[in-house]
């Protein structure tokens, strides 16, 4: 059975196989790496086991701290009791629903701010309460936070703090991540391709910050330029 619902950030995932979640940064229009159907749908392991369940979650990163999540899932089934033809059709329907969500990226207005860390934290809380079979969070973003009431990569004093005393910024991020539990079942992959040398240097500063924060959180994280490099 396949079910698609619109959910809020705090909705629990179920113990229903693997969960793949995507957070898509929509605050800039020059990002090269984007979550496409061809990149995301092959990540579901139906080729190994038709009967495993799966959940897909999708949210967008904007200037808002909280945005809706879209979710579609397919239940686990018992291979001894199930019908293979019906199961293959259910999987096909599930993947079509995933594709529709990924393709339904309506245009949004130019964003003055970029609230990136808080949506990541909220999603980690949800995934930490979910599937024991494992969760994968893909963050398509340059990670350059820009909030008026918190850290901003574009604020000179904040960037200087990150460059000279990064531990203070790490502390700020960890305070915002209160309630996120260490988990070996949740993996995070940041996908971003810098577009020039200056962008590359700036991105590396944020990569260093995220590595330090996630090491303290006890959650594995990796950084890729495209999803094909996984």
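Numbering (our numbering), first residue to last: -2 to 227. Note that the Cβ used here is the ideal one computed from N, Cα and C, for glycine as well.
- The beta-carbon separation of residue 44 and residue 72, rounded to 18 Å, does not stay under the 8 Å limit for a contact.
- For residue 141, the closest alpha carbon among the candidates 58, 52, 225 and 14 is that of 58.
- With fewer than 16 other Cβ atoms inside 10 Å of its own Cβ, residue 85 counts as exposed.
- Remark: three or more beta-carbon pairs, one from each stretch, lie closer than 8 Å, so the segment 112 to 131 and the segment 60 to 70 are flagged as touching.
- Measuring C-alpha to C-alpha distances from residue 47 to each of 87, 224 and 36 identifies 87 as the nearest.
- Distance between residue 158 and residue 38, taken at the CA atoms: about 40 Å.
- Under the 8 Å Cβ criterion, the segment 145 to 159 does not count as touching the segment 211 to 222, having fewer than three qualifying pairs.
- Taking a 10 Å sphere around the C-beta of residue 83, we find fewer than 16 other C-beta atoms and assign the residue as exposed.
- Taking C-beta atoms as the reference points, residue 68 and residue 53 count as a pair closer than 8 Å.
- Note that the C-beta distance between residue 185 and residue 211 is below 8 Å.
- Per DSSP, the unbroken alpha helix (DSSP H) holding residue 169 starts and ends at 163 to 173.
- Beyond the five residues adjoining it in sequence on each side, residue 197 comes within less than 6 Å, by CB distance, of 191 in the same chain, given in chain order.
- A Cβ-Cβ separation of about 7 Å places residue 18 in contact with residue 132 under the 8 Å criterion.
- Under the three-state reduction of DSSP output, residue 143 falls in the strand class.
- The C-beta distance from residue 111 to residue 80 rounds to 47 Å, too long to fall under 8 Å, and the pair is not in contact.
- Contact between residue 99 and residue 32 holds, since their C-beta atoms are separated by about 6 Å, short of 8 Å.
- Each residue's CA atom was taken as its position, placing residue 136 and residue 22 some 8 Å apart.
- The residues 142, 155, 166 and 169, in chain order, have a CB closer than 7 Å to that of residue 148 in the same chain once the five nearest residues on each side in sequence are set aside.
- Bounds of the beta strand (DSSP E) holding residue 51 are 51 to 58.
- Distance from the CA atom of residue 125 to the CA atom of residue 150, rounded to whole angstroms, is 28 Å.
- In the DSSP assignment, residue 78 falls outside any beta strand (DSSP E), carrying neither H nor E.
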